[in-house]
């Protein structure tokens, strides 16, 4: 009986990924994390519609003295894709990037200040 | 104690709608909340003391299964108790409701003929502070906040001179496992008592489900138990759809069934892998893990998420599958199905594996019925229950899945049921692919997000996940906000039977196998 | 407790009635700045082998499923010299899933304290990184960084096995960090 298993195991061959020696990729439609097209985003609405639909509050608006920034926290993003549908300008998309780990929280946060919006 | 408006003489007739998708509203009894899904559910105002008698009278010809018992804190300080029963013969649900004062007492239903209510009453004791009179063990169930060490005092004092050893196990246990605590008492090799401590993973999902905007409820629901994500989000969507009176198009229902069966399939494969791991059958573990991974990768390709999160939305599904995706499903699932079939024979003849499973952790039909267990655990003990057959939802009214019921009640029987169901799920997926090729394209979903929920109404949804029937119950307040969200997970329904079937004939080394053979989730029961 | 002879795995010399040593934990948090050096030391000390203890602090089970998937033939964690260790005493790193529910706070900290130094802490999944959808809930003591110095964040709900591999190798300094 054990030999049958052994035979079956051997016949399966090698399936193992060579990552990280060879690069890997996730399928195209796989939702990794939200990405912001900075040239499209104007941070409009109070709050913007993407912020309203974001369940884990990965998207937020930071306001300090007239300076308005959109903050995208990749560590909080669950890649549900609701913000993609909510953005009227198509500024958000979901990428299939999987190498998301970081050694500090700061590296997982991207902030966007729309052009023409000057700090006070 | 008696409900002021309760009138036992007014027995409402069964309203049988023209199928699962008709939602006619009928006049509610005074004092009862209207229920939108009247075709499936009736809600009656009756005093608790009269419930057992009322159920006996109405259901004398039918089998009746305890489904859920929960309390709702009313804004005015009272507590509404709801007993939910499944009447599989008629494909109906029956709900009974009564109001009592907060911090007061009520006659225990355990004494009144519903032994399965034992843990449900203990849970309410902890969360609402209402005391069941006549309950055999009236102590709070979810005391996770208290350290497990305090729980150990619940064992009887050590008998003098005996060779009794008590093992505390958990909440942090070896390997990659969920957090839960067991107190195991042994005499020699034999397990003589087991205490199970739930609640370590309680993160308040129900409160959260009541607080989020309702279109997001399926997104939260799938995170009740990640490996039952489709079942939970389907149950949540079903509850909200019945509340809103929304019809789900046929193609969306077929896609829901497809996703549900894919989830069942990868769970059954993963379950076998873990069980084979517990008995030391390493190659079999790897083989089943490969099948699970193949389905997870398929899910990532067709739905963008390995655990199919985000597929079910209120009113339908998030995305249609095109022909290329359907071909992908067929081309992936067919070899998985054949491999699964081949492995069934190999597992059945692996004596080292079967020796560990047979007679291990036996749950008799009597106990399974007594504790109203669900899912594969019930079916392995000879209890033929399956929400897909008893209360068809999604596309199951046309699919008619066959039930795999065996009598053994031991770990071998549970493994066998899961093996056969895995194969059946793969077959259902292949059938669904063919049906989806012919069904009308998915109409553009009307955006229900702008709608408000009707006030003072109940919506109720269910789905059969890999672990059993998940029940979601949504109640709105006068303004149409969700006032109470109740989740009865399949795991919760099975844990109390698990705690009962371990002591007795089993030895300590059987314990991991019994735990694995039940295949329950702490995340689902702790919520 | 003494009546039944039960004892939780405690540090030597600590009785369960004693309040948790918060000072120790604060000091550990302050040492966060030193974690870069710890990482370098870990690489030097552990070389190719890295043993991890896992604590589920209230996850939905999907993260556990993906961690288990790392052992399957597709990913085969062992080929990288990374192992899941039953005992915290033998572990070099702690992987934590879930938003840290209140009842799991103490078991988590005790597991951490039982680990020998140097030790790495890896937050697995959105819940452990930020609390995820449970962030701000009063039933949750997390996110993890509030309790322990986190060395690597692996986001995702759940993180795919490849994301996990990337994160674990990042902890060992064997892959590059993504730039964004």
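Chains as they are written, first to last, in our numbering: chain A, 2 to 121; chain Z, 1047 to 1573; chain R, 84 to 263. We put the beta carbon where it would ideally sit given N, CA and C, even for glycine. For clarity, every value in this text was computed on a predicted model and none was experimentally measured.
Euclidean distance between Cα positions of residue i and residue j
i                       : j                       : result
residue 1556 of chain Z : residue 1549 of chain Z : 11 Å
residue 1444 of chain Z : residue 1229 of chain Z : 46 Å
residue 1371 of chain Z : residue 1483 of chain Z : 11 Å
residue 1404 of chain Z : residue 1318 of chain Z : 15 Å
residue 85 of chain R   : residue 1239 of chain Z : Here residue 85 of chain R scores only 35 on pLDDT, less than 50, and its place in the model should not be relied on; the value that follows carries that caveat. In a straight line, the C-alpha of residue 85 of chain R is about 19 Å away from that of residue 1239 of chain Z.
residue 1481 of chain Z : residue 1409 of chain Z : 38 Å
residue 245 of chain R  : residue 158 of chain R  : 8 Å
residue 112 of chain A  : residue 210 of chain R  : 21 Å
residue 105 of chain A  : residue 256 of chain R  : 14 Å
residue 1501 of chain Z : residue 97 of chain A   : 41 Å
residue 1475 of chain Z : residue 73 of chain A   : 38 Å
residue 1449 of chain Z : residue 1431 of chain Z : 8 Å
residue 1152 of chain Z : residue 1542 of chain Z : 22 Å
residue 1289 of chain Z : residue 1503 of chain Z : 7 Å
residue 95 of chain A   : residue 144 of chain R  : 24 Å
Residue closest to residue i, alpha-carbon to alpha-carbon, out of the options
i                       : options                        : result
residue 89 of chain A   : A:61, A:102, A:60, A:45        : A:45
residue 29 of chain A   : Z:1570, Z:1147, Z:1346, Z:1337 : Z:1346
residue 141 of chain R  : R:235, R:158, R:215            : R:215
residue 167 of chain R  : Z:1318, Z:1117, Z:1110, Z:1223 : Z:1223
residue 53 of chain A   : A:17, A:75, A:110, A:84        : A:84
residue 1270 of chain Z : R:239, R:245, R:217, R:255     : R:217
residue 1129 of chain Z : Z:1477, Z:1110, Z:1137, Z:1474 : Z:1110
residue 1401 of chain Z : Z:1329, Z:1464, Z:1324         : Z:1324
residue 1246 of chain Z : Z:1219, Z:1239, Z:1238, Z:1266 : Z:1219
residue 1499 of chain Z : Z:1167, Z:1529, Z:1330         : Z:1529
residue 170 of chain R  : Z:1341, Z:1216, Z:1535         : Z:1216
residue 156 of chain R  : A:9, A:7, A:18                 : A:18
residue 1264 of chain Z : A:56, A:60, A:75, A:114        : A:56
residue 225 of chain R  : R:247, R:233, R:184, R:208     : R:184
residue 76 of chain A   : R:192, R:188, R:220, R:241     : R:241
residue 1210 of chain Z : Z:1150, Z:1232, Z:1335, Z:1286 : Z:1232
Proximity below 8 Å, CB of residue i to CB of residue j
i                       : j                       : result
residue 160 of chain R  : residue 21 of chain A   : no
residue 1363 of chain Z : residue 1298 of chain Z : yes
residue 177 of chain R  : residue 229 of chain R  : no
residue 1113 of chain Z : residue 1132 of chain Z : yes
residue 1407 of chain Z : residue 1547 of chain Z : yes
residue 1250 of chain Z : residue 1353 of chain Z : no
residue 197 of chain R  : residue 172 of chain R  : yes
residue 1537 of chain Z : residue 1570 of chain Z : yes
residue 1280 of chain Z : residue 1440 of chain Z : yes
residue 1560 of chain Z : residue 1457 of chain Z : yes
residue 1389 of chain Z : residue 1472 of chain Z : no
Contact with chain R by residue i, beta-carbon distance below 8 Å
i                       : result
residue 1556 of chain Z : no
residue 1567 of chain Z : yes
residue 1509 of chain Z : no
residue 1378 of chain Z : no
residue 21 of chain A   : yes
residue 102 of chain A  : yes
Cutoff 8 Å: residue i Cβ touching any chain A Cβ
i                       : result
residue 245 of chain R  : yes
residue 240 of chain R  : yes
residue 1573 of chain Z : no
residue 1331 of chain Z : no
Residue-level contact to chain Z via CB, residue i, 8 Å cutoff
i                      : result
residue 12 of chain A  : no
residue 30 of chain A  : yes
residue 249 of chain R : no
residue 212 of chain R : no
residue 133 of chain R : no
residue 16 of chain A  : yes
Simplified DSSP assignment, three categories, for residue i
i                       : result
residue 1145 of chain Z : strand
residue 1531 of chain Z : strand
residue 1170 of chain Z : helix
residue 1258 of chain Z : coil
residue 236 of chain R  : strand
residue 27 of chain A   : coil
residue 1162 of chain Z : coil
residue 1563 of chain Z : helix
residue 1479 of chain Z : helix
Contact residues within the segment 73 to 88 of chain A, judged by C-beta distance below 9 Å to chain C: Of the protein chains in this structure, namely A, Z and R, none is chain C.
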